[in-house]
Structure formats: structure tokens, C-alpha cells
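2 protein chains.
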Amino acid sequence: MARVFDELVSANERFVSDFDKGHLDMPPARRVAVVTCMDARLHPERFLGHELGDAHVVRNAGGRVSDDAIRSLVISQRLLGTEEVVVIHHTDCGMLTFTNEQLAEKVQQESGVDASGIDFLPFPDLEQSVRDDVAKLRSSELIPDGIHITGAVYDVKTGRVSEVADKA
Amino acid sequence: MARVFDELVSANERFVSDFDKGHLDMPPARRVAVVTCMDARLHPERFLGHELGDAHVVRNAGGRVSDDAIRSLVISQRLLGTEEVVVIHHTDCGMLTFTNEQLAEKVQQESGVDASGIDFLPFPDLEQSVRDDVAKLRSSELIPDGIHITGAVYDVKTGRVSEVADKA
Chain A
3 MARVFDELVS
13 ANERFVSDFD
23 KGHLDMPPAR
33 RVAVVTCMDA
43 RLHPERFLGH
53 ELGDAHVVRN
63 AGGRVSDDAI
73 RSLVISQRLL
83 GTEEVVVIHH
93 TDCGMLTFTN
103 EQLAEKVQQE
113 SGVDASGIDF
123 LPFPDLEQSV
133 RDDVAKLRSS
143 ELIPDGIHIT
153 GAVYDVKTGR
163 VSEVADKA
Chain B
3 MARVFDELVS
13 ANERFVSDFD
23 KGHLDMPPAR
33 RVAVVTCMDA
43 RLHPERFLGH
53 ELGDAHVVRN
63 AGGRVSDDAI
73 RSLVISQRLL
83 GTEEVVVIHH
93 TDCGMLTFTN
103 EQLAEKVQQE
113 SGVDASGIDF
123 LPFPDLEQSV
133 RDDVAKLRSS
143 ELIPDGIHIT
153 GAVYDVKTGR
163 VSEVADKA
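So the protein sequences, as listed, match chains A and B. Be aware that the first sequence starts at 3, since it is given in the numbering used here, and climbs by one per residue. Be aware that the second sequence starts at 3, since it is given in the numbering used here, and climbs by one per residue.
Rendered as C-alpha cells:
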């Protein structure tokens with residue numbers, strides 16, 4: 003099978019020929035970490051105006067505050083000095099389209115593997131999923147009280163980021 | 003405290019004013035998922051030449067194939083049709099600079115919280131960490147045998163992506 007990887011390496015050659023950012027330090031210049039979805043339509047550095055070196059970006063299916071996202075944020079905050087977290091979920095997210103039971107059944111049918119014990123972290127309500135993840139961060143004893151946390155939604159039709167307010 | 007988020011929203015306004023990609027479909031056009039580090043010096047879409055809509059991008063501290071990364075890849079492959087995974091770690095990674103014991107001690111001193119039970123997934127050898135994560139994917143029963151998996155390293159000094167060969 004032809005690998006997409008080989009095309010990526012060709013594109014990378016062009017990137018390397020113009021590269022002039024080899025001097026940047028490890029800690030993020032803007033002291034912020036973004037948690038968002040792996041979705042292909044999201045290029046968070048572009049839609050947030052990040053320059054190279056500006057911000058940590060944690061991504062997974064849904065942009066969920068999983069235990070692994072918290073692992074990453076502890077490293078980001080304790081070792082690399084970030085002081086703010088922005089959680090961004092998005093419209094038309096795949097996580098709105100299935101349940102754990104449906105995905106486990108698909109895995110069982112396709113591969114004969116029992117995935118019924120896995121929480122794939124789908125959600126039925128976009129804004130509520132953002133509120134839930136912000137609340138999870140705020141209640142985590144691993145995240146210091148001084149860390150500023152904001153929740154937001156990205157609209158894949160317009161490119162716009164909108165803050166999600168806490169529920170009154 | 004002034005939020006970085008407000009600056010990000012201002013940058014987003016400029017992005018929205020030029021946005022013309024509201025028609026893209028959910029499944030990644032290039033059928034590939036990239037797993038890489040949250041590091042601020044990595045803009046994977048740029049260094050791999052991805053257009054909006056091309057590829058899933060999973061990011062965490064180290065670009066590790068954590069259980070949460072596998073959760074994301076199952077969704078990527080089973081529900082959204084990706085057929086290839088590229089794992090990319092990078093030079094000068096923060097994960098090369100600490101041990102679980104050191105970070106747990108820092109969390110204990112700063113917040114009085116016991117983090118000694120958490121594996122933060124640091125690594126002492128960059129290329130070996132890539133090989134380990136590729137091997138973890140290959141041995142996962144959740145990842146179908148037909149999925150192509152490549153490991154690579156990104157050099158933050160040059161911007162270059164280089165494939166990591168399996169050990170002879």
C-alpha cells in the first residue's frame with residue numbers, strides 16, 4: 003500500500019526549506035494550553051492565531067478532559083509554566099453521532115474484540131460537554147486553583163470560536 | 003487576570019473574516035491520523051502540509067500512544083475511515099527531562115497532592131519511545147491489522163520529519 007506518510011515527508015521538505023524557528027524555547031510563550039478535538043477540519047493554531055512556540059495543544063476524540071489530557075496539563079503547568087486552559091469542542095462533532103454500545107458492537111462485529119468496557123467519551127449535547135469538561139478541570143485536585151479555565155465551541159461552518167457560559 | 007483567551011478570540015475574528023471552508027465533510031480526506039506531542043513548537047498541520055479537512059491529529063504530552071490515544075484512534079478508524087497512523091515524537095521534548103518520581107514530588111510539594119500513582123509517560127530515549135509506541139499500536143487488538151503504522155521524529159531545530167526504522 004502506498005503510504006500517505008511519504009506524501010507528508012515530501013510536503014515537509016518544502017517546510018524545512020523555509021524553516022527559521024529553530025531557536026525557540028520549550029515553554030509556551032503565551033503560557034496557555036488548548037484542549038480540543040482531533041477533527042480534521044480543526045487547525046487550532048490557525049483559528050486561534052498561534053505562532054510557532056505560543057501554546058500547548060492537546061487533542062483527542064472530542065477534545066475531552068480525559069485522565070490523559072489531565073496528565074498532559076499537569077506536565078504543561080508544573081514543568082512548563084502554562085497558567086490558562088481553553089477547552090474547545092466543535093459543531094458537527096463525531097462524538098455526537100454514537101453511543102458506547104454502538105461502537106463496541108461495531109468493534110465486536112469487525113474484529114471479534116470485546117470493547118464493551120471502554121468509555122469512548124461520546125456526548126449528546128455539545129455545550130453541556132464543554133461545561134462538563136470545564137467542571138472536571140475545576141474539580142481536579144491536580145489542577146491548581148490559580149489556573150484560569152475557559153470553555154468554548156468552534157463552528158466548523160463559520161470558523162468562529164464562541165465562549166460557552168457557565169450555566170446560570 | 004487578563005485572559006489569553008480574549009486575545010485568541012480577537013485573532014479568531016480575523017480567521018473568520020477569510021474563512022471559506024465551511025463545506026468540508028467529517029471524515030479526513032487523506033484517511034490518516036497523526037499522533038504527536040502537545041509541544042508549542044510543533045504545528046503539525048504546517049510541517050506535514052495538511053489542508054483543512056485532511057487528517058486527524060491526536061496530541062498529548064510526548065505524543066504517546068496512551069489508552070486515550072487508542073480510544074481516539076478507534077473512533078478515527080472505525081467511524082471515520084482512517085487507514086494509517088503516523089506517530090511523531092520530537093527532539094528537545096520535555097518528556098526527556100523528568101521521571102515520574104520527580105514530577106510526583108513537585109506536585110506533592112506545590113499542592114500537597116499525592117500523584118505517586120500516576121504514570122506521566124516520560125521517556126529517556128527519543129527513538130526508542132517512538133518504537134515502543136509503534137509496537138504498542140501493532141500489538142493492540144483494537145487496531146486492525148490492515149492499518150499502516152509509521153514512527154517518526156520531528157527536529158525542532160530544523161523542522162525536519164525523519165522516519166524511525168524498526169530495530170534490526
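All C-beta atoms in this analysis are idealised placements derived from N, C-alpha and C, irrespective of residue type, glycine included.
| query | result |
| --- | --- |
| Contact check, Thr84 of chain A vs Pro30 of chain A, beta carbons under 8 Å | yes |
| C-beta contact flag for Glu129 of chain A and Val76 of chain A at 8 Å | no |
| is_contact[Ser134 of chain A, chain B] using C-beta, thresh 8 Å | Inspection of the sequence shows that residue 134 of chain A is occupied by Asp rather than by Ser. It does not; no Cβ of chain B falls within 8 Å. |
| C-alpha distance - Ala117 of chain A paired with Cys39 of chain A, whole-angstrom precision | 22 Å |
| Endpoints, the alpha helix (DSSP H) within which Val76 of chain B is located | Asp69 to Arg80 |
| Close-in-space but distant-in-sequence residues of the same chain around Arg140 of chain A (CB under 7 Å, 5 per side omitted) | Ile151 |
| Chain-ordered neighbours of Ala167 of chain A on chain B, where CB pairs are closer than 7 Å | The premise fails here: Ala167 of chain A is roughly 13 Å from chain B at the closest Cβ pair, so nothing lies under 7 Å. |
| Pro126 of chain A at chain B interface by Cβ criterion, 8 Å | no |
| Pro126 of chain B to Gly148 of chain B span [Cα, whole Å] | 31 Å |
| Contacts that His150 of chain A makes with chain B (C-beta to C-beta distance below 9 Å) | Met3, Arg5, Val6 and Phe7 |
| Contained alpha helix (DSSP H) runs [length at least 4] in the stretch 127-170 of chain A, N- to C-terminal order | 128-141 |
| Coarse secondary structure for Val11 of chain B, derived from DSSP in three states | helix |
| Inter-residue Cα distance where the pair is Ser113 of chain A and Asp69 of chain B | 18 Å |
| Beta-ladder partner(s) of Val34 of chain A, from DSSP | A:Ala57 and A:Glu86 |
| Contacts of Leu105 of chain A in chain B (Cβ-Cβ under 9 Å) | Val76, Ile77, Arg80 and Leu81 |
| Meets three-Cβ-pair contact criterion under 8 Å: the stretch 93-106 of chain B and the stretch 90-108 of chain A | no |
| Host alpha helix (DSSP H) of Ser118 of chain B (start-end) | No alpha helix (DSSP H) contains Ser118 of chain B, which DSSP labels as neither H nor E. |
| CA-to-CA distance, Asp41 of chain B to Asp20 of chain B, given in whole angstroms | 27 Å |
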